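Numbering (our numbering), first residue to last: 3 to 467.
Comments concern the structure below.
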Amino acid sequence: MEAWSRLKLGVGMDTVASLSPLRHGHLPSSPAACTTSRPSPRLLKVKQRSSISSSSNSSPGAGRSRSWSRASASASSSAATPPPPPQKEKEKDLVFVAGATGRVGSRAVRELIKLGFRVRAAVRNAERASSLVQSVQQLKLDGDATISPVEKLEIVECDLEKQPRDGIAKAIGKASLVVCSIGASEKEILDVTGPYRIDYMATSNLVQAATAAKVEHFILVTSLGTNKIGFPAFLLNLFWGVLCWKRRAEEALIASGIPYTIIRPGGMERPTDAFKETHNLVVAAEDTYVGGLVSNLQVAELIGCMAKNRRAAYCKVVEVVAETTAPLLPMEQLLSAIPSKREPPAEEETEEVKPTEPKPDEALGGDQAPKAERPLSPYTAFLDLKPPSSPSPSPPSSSSSVTDGGTASSTLALDSNANGIPGSSNASDQLQGEDDKTQQRPLSPYTRYEELKPPSSPTPSAPKT
Numbered sequence: 003m004e005a006w007s008r009l010k011l012g013v014g015m016d017t018v019a020s021l022s023p024l025r026h027g028h029l030p031s032s033p034a035a036c037t038t039s040r041p042s043p044r045l046l047k048v049k050q051r052s053s054i055s056s057s058s059n060s061s062p063g064a065g066r067s068r069s070w071s072r073a074s075a076s077a078s079s080s081a082a083t084p085p086p087p088p089q090k091e092k093e094k095d096l097v098f099v100a101g102a103t104g105r106v107g108s109r110a111v112r113e114l115i116k117l118g119f120r121v122r123a124a125v126r127n128a129e130r131a132s133s134l135v136q137s138v139q140q141l142k143l144d145g146d147a148t149i150s151p152v153e154k155l156e157i158v159e160c161d162l163e164k165q166p167r168d169g170i171a172k173a174i175g176k177a178s179l180v181v182c183s184i185g186a187s188e189k190e191i192l193d194v195t196g197p198y199r200i201d202y203m204a205t206s207n208l209v210q211a212a213t214a215a216k217v218e219h220f221i222l223v224t225s226l227g228t229n230k231i232g233f234p235a236f237l238l239n240l241f242w243g244v245l246c247w248k249r250r251a252e253e254a255l256i257a258s259g260i261p262y263t264i265i266r267p268g269g270m271e272r273p274t275d276a277f278k279e280t281h282n283l284v285v286a287a288e289d290t291y292v293g294g295l296v297s298n299l300q301v302a303e304l305i306g307c308m309a310k311n312r313r314a315a316y317c318k319v320v321e322v323v324a325e326t327t328a329p330l331l332p333m334e335q336l337l338s339a340i341p342s343k344r345e346p347p348a349e350e351e352t353e354e355v356k357p358t359e360p361k362p363d364e365a366l367g368g369d370q371a372p373k374a375e376r377p378l379s380p381y382t383a384f385l386d387l388k389p390p391s392s393p394s395p396s397p398p399s400s401s402s403s404v405t406d407g408g409t410a411s412s413t414l415a416l417d418s419n420a421n422g423i424p425g426s427s428n429a430s431d432q433l434q435g436e437d438d439k440t441q442q443r444p445l446s447p448y449t450r451y452e453e454l455k456p457p458s459s460p461t462p463s464a465p466k467t
């Protein structure tokens, strides 16, 4: 039963194939014979189911012996199986596209390959991907001509509606970007549950798997009118409430925490790929339009631009139409004009650590010692060096006399040392004298000299009688 559960989930196919000789002697025992006999993994599942069902009709004794051998083999295989390796980082150039055979998805695959990305195209049936492979083969890449465009394409069978979340996460693999362009088909218009199963449940399963796989960005294509009632977009809800279910898918993506971009295009049924030659793209904020037309190719080109410029499309909801009167502008400029719901992370260039230049102390081989602060005055570095001071007048002596010219015979006493710096002859005396002068300096110069009086205003004389 354990092997049957593994087989039913599609997990551990190599282990099941190695156990098959123990169950059935008529199956080939060599691995080469097993690989050559299975055309595809899907056919291998069908064969294993039929062989197991036939083994259930065998004798009871043989069943007990086979169950014992099956249990021992499963125990030995589980003991010999090494633990799974840790998940590596995502590959920036790998994109997972859901709905790759649709009108938008197939064009998005080709645009991504043109831009140099590798694409994992998820389809429910690999036989339906033949037209996609043929269209990719006809591409002409601008880069190396030796590389075929098909080498950048990988077809993955993945049913988003029925497959468990772990299986979808394995299908995503190391892809850093997920593009979801699935939707209920108009051919099944009588299916009441179609919009609920495809537009909501399948998209929600992909969002949960992308969250578990730690995808770096998620691009979801929905429709106009998912959050705004208006004519003619609201008429789409006649298709079993498809806009309501698309809105539920948008809410699931926003609540997941993955960096996202939601594209709400206008009507894409009538415009052809030549629509872009006469109608220029218009990218507006959410809940701006309720009607308009845009081609599938223009939406696919916008997806490719978002894959290249994920920072410009970070957490934004954009509505896309095409008009003849709109100016022809680069898509990067159109995206940058839309406000983001979250603050984008810092660019990787700012996170790089730049080598610091060595300090003067390090260049001389010294340790990183704290550098001494430079003094404000050079005189503080030398005790004997003092700034020049203006000469101070000495108090008048008693031996001063007045000459015939009316000038004082006494002169101001100036002391000078050998260096010509005014002051005392000794440095210590000069320092002490400066301190004394600073402490005994009067507040007014007129108090120092008795004969020096401040000028006074003339006092008016008393009136004569």
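All C-beta atoms in this analysis are idealised placements derived from N, C-alpha and C, irrespective of residue type, glycine included.
These figures come from a predicted structure and were not determined experimentally.
Asked, Found
"Using the three-state DSSP reduction, which class does residue 178 fall into: helix, strand or coil?", "strand"
"Using 8 Å as the Cβ pair cut-off and three pairs as the minimum, do the segment 136-150 and the segment 160-178 touch?", "no"
"Looking at C-alpha atoms only, which residue of 249, 108 and 126 is the closest neighbour of residue 206?", "249"
"For residue 97 versus residue 181, is the C-beta distance shorter than 8 Å?", "yes"
"So, with DSSP's three-state summary, where would you put residue 263?", "strand"
"Short of 6 Å in beta carbon distance, which residues of its chain neighbour residue 101, apart from the five on each side in sequence? Order them along the chain.", "107, 183 and 184"
"At the level of alpha carbons, what is the spacing between residue 179 and residue 346?", "16 Å"
"I'd like the span of the beta strand (DSSP E) that includes residue 97, first residue to last.", "93-100"
"With a threshold of 16 other CB atoms inside 10 Å of the CB of residue 266, please say whether the residue is buried or exposed.", "buried"
"According to DSSP, is residue 162 part of a helix, a strand, or is it coil?", "coil"
"When the distance is taken between beta carbons, is residue 252 closer than 8 Å to residue 228?", "yes"
"Buried or exposed: where does residue 463 fall if 16 or more other Cβ atoms within 10 Å of its Cβ makes it buried?", "exposed"
"Can you pull the DSSP bridge partners for residue 222?", "182 and 264"
"Report the three-state DSSP secondary structure of residue 269 (helix, strand or coil).", "strand"
"Which first and last residues belong to the alpha helix (DSSP H) in which residue 249 is found?", "244-258"
"In terms of residues, what are the limits of the beta strand (DSSP E) holding residue 282?", "282-287"
"Could you tell me the boundaries of the beta strand (DSSP E) in which residue 125 lies?", "120-125"
"Could you tell me the alpha carbon to alpha carbon distance between residue 117 and residue 349, rounded to whole angstroms?", "22 Å"
"Based on the DSSP secondary-structure assignment, which residues constitute the bridge partners of residue 155?", "121"
"So residue 320 is in the beta strand (DSSP E); what residue range does that whole segment cover?", "318-325"
"Flag this pair as yes or no: are the beta carbons of residue 315 and residue 263 separated by less than 8 Å?", "yes"
"Report all residues from its chain with a CB closer than 6 Å to the CB of residue 159; omit the five preceding and five following residues, and keep chain order.", "128"
"With a threshold of 8 Å on Cβ separation, who are the neighbours of residue 338 within its own chain once the five nearest residues in sequence on each side are excluded?", "314"
"I need the straight-line Cα distance from residue 278 to residue 142, nearest angstrom please.", "21 Å"
"For the alpha helix (DSSP H) that contains residue 109, what are its first and last residues?", "105-116"
"Under three-state DSSP, which class holds residue 337?", "helix"
"Does the beta-carbon distance from residue 240 to residue 225 come in below 8 Å?", "no"
"Taking 8 Å as the cut-off, decide whether the C-beta atoms of residue 247 and residue 194 are in contact.", "no"
"Can you check which of these residues, 99, 290 and 196, is closest to residue 171 by C-alpha distance?", "99"
"Could you give the residue range of the alpha helix (DSSP H) that holds residue 2?", "Absent from the structure is residue 2, since the part of the chain shown begins at 3 and ends at 467."
"Using DSSP with H/G/I as helix, E/B as strand and the rest coil, what is residue 64?", "The pLDDT assigned to residue 64 is 45, lower than 50, so where the model puts this residue is not dependable, and the model offers no usable value."
"Keeping to the same chain, check which residues put their C-beta closer than 6 Å to that of residue 137; ignore five residues upstream and five downstream.", "none"
"Would you mind sorting residue 245 into buried or exposed? The rule is 16 or more other CB atoms within 10 Å of its CB.", "buried"
"Considering residue 213, what are the terminal residues of the alpha helix (DSSP H) in which it resides?", "205-214"
"How about residue 307 and residue 270: are their beta carbons less than 8 Å apart?", "no"
"Using a Cβ-Cβ cut-off of 7 Å (strictly less than) and excluding sequence neighbours within five positions of residue 198, which residues of its own chain qualify?", "247"
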